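To convert, note that position 144 of the sequence shown is 148 in the working numbering; the numbers rise steadily by one, no gaps. Ideal Cβ positions, reconstructed from N, Cα and C, are used throughout, including at glycine. Since the structure is predicted, the reported quantities are computational estimates derived from the model, not experimental observations.
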Amino acid sequence: MYLLMQTLMSRALPALHPTTRSLRFDVIVPAHNEAHAIAKTVSSLLQINWPRDHFRVLVVADNCSDTTAALADAAGATVLERSDTSRRGKGYALQFAFLRSRMDERADAVVVVDADSVVSPNLLEALAARIERGAHAVQVHHGVINAQIAWRTRLLAIAVAAVHVVRSRAREWAQVSAGIRGNGWCVTHALLRQVDYNAFSLAEDLEFGIDLGLRGYRVFYAGEAEACQEMVVDANAAKKQRQRWERGRFELIGSRTLPLLRAALRRRSALCLDLALDLIVLPLSYVVLNVGALLLISVLAAHFYPAFDAWLWISLACAACLVLYVLRGWQLSGTGARGLLDLAGAPLFIIWKTALMLERKRSADWIRTERKIS
C-alpha cells in the first residue's frame with residue numbers, strides 16, 4: 005500500500021527558480037583513489053551555471069594512494085588531502101570537509117557530489133531556489149549515466165527511478181522528507197550548526213537523512229536538477245557494491261526503525277512515520293521475493309483449503325501494486341523498450357542479488373568500486 009500510494013502521487017513537480025543569485029556554496033567531492041574519473045567530475049562541476057565567485061569545488065583526497073589529488077588540482081579544484089587509516093570511510097571524509105568549509109566561512113551551504121558523477125548546469129540554481137524558500141536540506145535527482153550500456157545497468161536504472169523519482173516526488177508532494185540519496189545533496193551551514201554530522205555507517209547518506217528527520221528537518225526534493233553516476237557492469241564489482249549498500253541499510257533498519265516510530269507517535273510526526281515506513285520497505289528485489297512467496301503460498305493454500313481464498317485475492321492485489329510501481333519506475337527511467345524487455349529477465353537478477361546476502365563478509369572500509377564500463 006505504501007508503494008502504491010507513492011506511485012499514484014508521483015506526478016511531476018513544478019520547477020522553482022531563485023529570486024537572487026547571492027547564495028554561496030562549497031561543492032564537496034569525497035574521493036578515494038578516483039584518478040580515473042575525478043578530472044571529468046571537476047570539469048562538470050566547474051561548468052555549473054552560477055556566479056563563479058559564489059562557489060568552489062573542494063575535492064577531499066581521502067587516504068589516496070594514486071594521483072587523485074594532483075589530477076583534481078590540475079582540473080581546477082581546491083584539494084584537501086586527508087590521511088587517517090584508523091577512521092576510514094566516506095562519512096569521515098565528509099565530516100572533515102564540512103568542518104573545513106565552516107572554518108573558511110566562505111559558503112552558506114555545502115553540496116555533496118560523488119567523484120564519478122556528472123551534474124546538470126542548473127544544480128546550484130535548483131538548490132538555491134529551495135533554500136531561499138526556507139529549506140535547509142535538499143536532494144536533487146540521483147540518476148544513472150550509463151543506463152543503456154547493459155541489461156544490468158538498465159535494470160538498476162529502473163530500480164533507481166522507482167526509488168529516487170517515484171518515491172521522492174510523492175514524498176515532496178506529501179511535504180515529508182525525500183531522504184538523502186548519497187549523491188547530489190545539500191545542507192546549509194545553519195543546519196549543520198544545529199545537527200552535527202556524525203554518520204559513519206555503510207549507508208551514511210540514509211543515516212544522516214534519518215538524523216535530520218529525528219531533529220525535525222525534512223529534505224526537500226529538486227527533481228529538475230541531477231547528479232548522474234556510473235553504474236558498474238562487471239558482476240564482481242557490482243556484487244561488492246550491492247553488498248555494502250544493502251548491509252548498511254539492514255543495519256539501519258535494526259537501529260533506527262524503533263526510534264523513528266517512537267518519535268512519530270510522541271510528536272504525531274508524519275515526517276518520522278514516513279521515514280520509518282521508507283526504511284522498512286526492503287530493496288525492490290526482496291519485495292518481489294516476498295510478494296512472489298506470498299502469492300505461491302496463497303495459491304497452494306486456496307487450492308487445498310478454500311477458506312484461504314481471501315489470501316489469494318490479497319496476494320494478487322499486492323502483486324498488482326508492485327507491478328504498477330515497477331512500471332512507473334520503468335516509465336521514468338528513460339530505458340525505453342529495451343528496459344521493458346530486460347524486466348522479463350529480472351528474476352535472474354533478483355536471484356543474484358539475494359545470493360549476495362548469504363555471504364557474511366563485512367567491511368566498513370571505503371573501497372573504491374572497480375568500474376569496467378565497455
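Can you pull the DSSP bridge partners for Gln233?
By 1-based counting over the sequence shown, the position of residue 233 is 229. For Gln233, which the question treats as bridged, DSSP gives the partners Ser121, Val148.
Relative to the ligand COA, is the shortest distance from any of its heavy atoms to the C-beta of Leu344 smaller than 7 Å?
Looking for the ligand COA in the displayed structure turns up nothing, as the structure carries no ligands at all.
Could you tell me whether the Cβ atoms of Val64 and Leu49 are closer together than 8 Å?
Taking the sequence shown and counting its residues from 1, the one referred to as residue 64 is at position 60. Taking the sequence shown and counting its residues from 1, the one referred to as residue 49 is at position 45. Here Val64 is not near Leu49, since their CB atoms are 8 Å or more apart.
Nearest to Ala165 (by Cα), restricted to the options Arg342, Pro351, Val330, Asp346:
Translated into positions along the sequence shown, residue 165 becomes position 161. With distances taken between Cα atoms, Ala165 lies closest to Val330.
Counting along the chain, where does the alpha helix (DSSP H) carrying Leu326 start and finish?
Sequence index remark: in the sequence shown, residue 326 carries index 322 (1-based). For Leu326, the enclosing alpha helix (DSSP H) covers residues 313–337.
Run through the DSSP bridge pairs and tell me what Thr72 is partnered with.
Along the sequence shown, read from residue 1 onward, the residue named residue 72 stands at position 68. The partner list for Thr72 (beta bridge, DSSP) is empty, contrary to what the question assumes.
When Ala78, Ala19, Ala323 are compared against Ala39, the one with the closest alpha-carbon:
Taking the sequence shown and counting its residues from 1, one reaches residue 39 at position 35. For the residues Ala78, Ala19, Ala323, the minimum Cα distance to Ala39 belongs to Ala78.
Please list, in chain order, all residues of the same chain as Pro263 whose beta carbon is under 7 Å from its beta carbon, the five residues on each side excluded.
Translated into positions along the sequence shown, residue 263 becomes position 259. Here the set comprises Leu218.
Report all residues from its chain with a CB closer than 8 Å to the CB of Ile135; omit the five preceding and five following residues, and keep chain order.
Sequence index remark: in the sequence shown, residue 135 carries index 131 (1-based). Once the five neighbours on either side are set aside, the close Cβ partners of Ile135 are Leu27, Asp112, Ala113, Val142, Cys190, Thr192.
Cβ neighbour criterion (16 or more within 10 Å) applied to Met235:
Numbered from its first residue, the sequence shown carries residue 235 at position 231. Per the 10 Å Cβ criterion, buried.
Kindly indicate which three-state DSSP category Ile52 falls into: helix, strand or coil?
Position 48 of the sequence shown, counting from 1, holds the residue named residue 52. DSSP, read as helix, strand or coil, puts Ile52 in coil.
Under 8 Å by Cβ, that's how I've got Ala161 and Val148 pegged, so tell me the actual separation to the nearest angstrom.
Numbered from 1 along the sequence shown, position 157 holds the residue referred to as residue 161. Numbered from 1 along the sequence shown, position 144 holds the residue referred to as residue 148. So it is a contact: roughly 4 Å between Cβ atoms.
Short Cβ contact (8 Å threshold) for Ala16 with Leu62
Within the sequence shown, the letter at position 12 stands for residue 16. Within the sequence shown, the letter at position 58 stands for residue 62. For Ala16 and Leu62, no; Cβs fall outside 8 Å.
May I ask which residues mark the beginning and end of the beta strand (DSSP E) holding Arg59?
Sequence index remark: in the sequence shown, residue 59 carries index 55 (1-based). It should be noted that the sequence gives Phe, not Arg, for residue 59. Start and end: 59–66.
Alpha-carbon spacing of Gly183 relative to His307, whole angstroms
Start at 1 with the first residue of the sequence shown, and residue 183 comes out as number 179. Start at 1 with the first residue of the sequence shown, and residue 307 comes out as number 303. Near 43 Å, if we compare the C-alpha coordinates of His307 and Gly183.
Identity of the residue in Ser319, Leu269, Ser87 nearest Leu293 by Cα:
Counting from 1 along the sequence shown, the entry for residue 293 is found at position 289. Closest option to Leu293, Cα to Cα, is Ser319.
Tell me where the alpha helix (DSSP H) around Arg197 begins and ends.
Within the sequence shown, numbered from 1, the residue matching residue 197 stands at position 193. No alpha helix (DSSP H) contains Arg197, which DSSP labels as neither H nor E.
Starting from the Cα of Leu128, find the closest Cα among Ala81, Gly138, Cys322, Val115 and give me that residue.
As a working note, residue 128 is residue 124 in the sequence shown. Minimum Cα distance to Leu128 is reached at Val115.
Below 8 Å between beta carbons: does that hold for Val122 and Ala229?
Residue 122 sits at position 118 when you count from the first residue of the sequence shown. Residue 229 sits at position 225 when you count from the first residue of the sequence shown. No; because the gap between Cβ atoms is not below 8 Å, this pair is not in contact.
Which residues does DSSP list as the beta-bridge partners of Thr82?
The residue you call residue 82 lines up with position 78 of the sequence shown. BP columns for Thr82 point to Leu62.
Helix, strand or coil for Pro287, going by three-state DSSP, please let me know.
Here residue 287 refers to the residue found at position 283 when the sequence shown is read from its first residue. Residue state, collapsed to three classes: coil.
Which listed residue (Ala321, Ile214, Val295) has its alpha carbon closest to that of Ala268:
Looking up residue 268 in the sequence shown gives position 264. It is Ile214.
Going by the beta-carbon positions, is the gap between Asn202 and Ala231 smaller than 8 Å?
Here the question's residue 202 lines up with position 198 in the sequence shown. Here the question's residue 231 lines up with position 227 in the sequence shown. No, the pair does not count as a contact, with Cβ atoms beyond the cut-off.
In angstroms with no decimal places, state the Cα-to-Cα distance between Arg175 and Val327.
As a first step, residue 175 must be located in the sequence shown, where it is residue number 171. As a first step, residue 327 must be located in the sequence shown, where it is residue number 323. Linking Arg175 to Val327 through their CA atoms gives a straight-line distance of about 20 Å.
Between Cys322 and Leu298, how many whole angstroms is the CB-CB distance? I'm expecting something under 8 Å.
One-based indexing of the sequence shown puts residue 322 at position 318. One-based indexing of the sequence shown puts residue 298 at position 294. Contact holds; Cβ gap of about 6 Å.
Residue nearest to Thr11 in terms of C-alpha spacing, selected from Ala350, Ala341, Arg158, Arg332:
Sequence index remark: in the sequence shown, residue 11 carries index 7 (1-based). Out of Ala350, Ala341, Arg158, Arg332, Arg332 has the C-alpha closest to the C-alpha of Thr11.
Quick one: residues in its chain with C-beta nearer than 7 Å to the C-beta of Tyr6, no 5 flanking neighbours on either side, listed in chain order?
By one-based count along the sequence shown, residue 6 stands at place 2. Closer than 7 Å at the Cβ level, and outside the excluded window around Tyr6, lie Leu281, Val285.
Whole-Å CB distance - Thr339 paired with Ala151, under 8 Å assumed:
In the sequence shown, residue 339 corresponds to position 335, counting from 1. In the sequence shown, residue 151 corresponds to position 147, counting from 1. Between Ala151 and Thr339 the Cβ distance is about 6 Å, and since that is below 8 Å, they are a contact.
Could you check if Leu225 is buried or exposed, using at least 16 other CB atoms within 10 Å of its CB as the buried criterion?
Within the sequence shown, residue 225 is the residue found at index 221, counting from 1. According to the sequence provided, residue 225 is Tyr. The question's Leu does not apply to it. Result: buried.
Going by C-alpha to C-alpha distance, which of Pro18, Arg342, Gly220, Thr89 sits closest to Ser274?
Residue 274 sits at position 270 when you count from the first residue of the sequence shown. The amino acid at residue 274 is misidentified as Ser; the sequence shows Ala. Answer by Cα proximity: Gly220.
Hey, Leu8 and Arg106: beta-carbon distance below 8 Å or not?
Sequence index remark: in the sequence shown, residue 8 carries index 4 (1-based). Sequence index remark: in the sequence shown, residue 106 carries index 102 (1-based). Not in contact: Leu8 and Arg106 (Cβ atoms no closer than 8 Å).
Assuming Ala76 contacts Val117 under a Cβ cut-off of 8 Å, what Cβ separation, rounded to an integer in Å, is found between them?
Here residue 76 refers to the residue found at position 72 when the sequence shown is read from its first residue. Here residue 117 refers to the residue found at position 113 when the sequence shown is read from its first residue. About 12 Å; that fails the 8 Å criterion.
Which residue comes first and which comes last in the beta strand (DSSP E) that contains Asp209?
Residue 209 sits at position 205 when you count from the first residue of the sequence shown. Note, Asp209: premise wrong, no beta strand (DSSP E); alpha helix (DSSP H) at 208–218.
CB of Thr24 within 8 Å of CB of Arg60, strictly
Your numbering for residue 24 matches position 20 in the sequence shown. Your numbering for residue 60 matches position 56 in the sequence shown. No, the Cβ-Cβ distance between Thr24 and Arg60 is not below 8 Å.
8 Å contact criterion, which Asp278 and Ser181 should meet: CB distance rounded
Here residue 278 refers to the residue found at position 274 when the sequence shown is read from its first residue. Here residue 181 refers to the residue found at position 177 when the sequence shown is read from its first residue. With 8 Å as the limit, Asp278 and Ser181 qualify as a contact, their Cβ atoms being about 7 Å apart.
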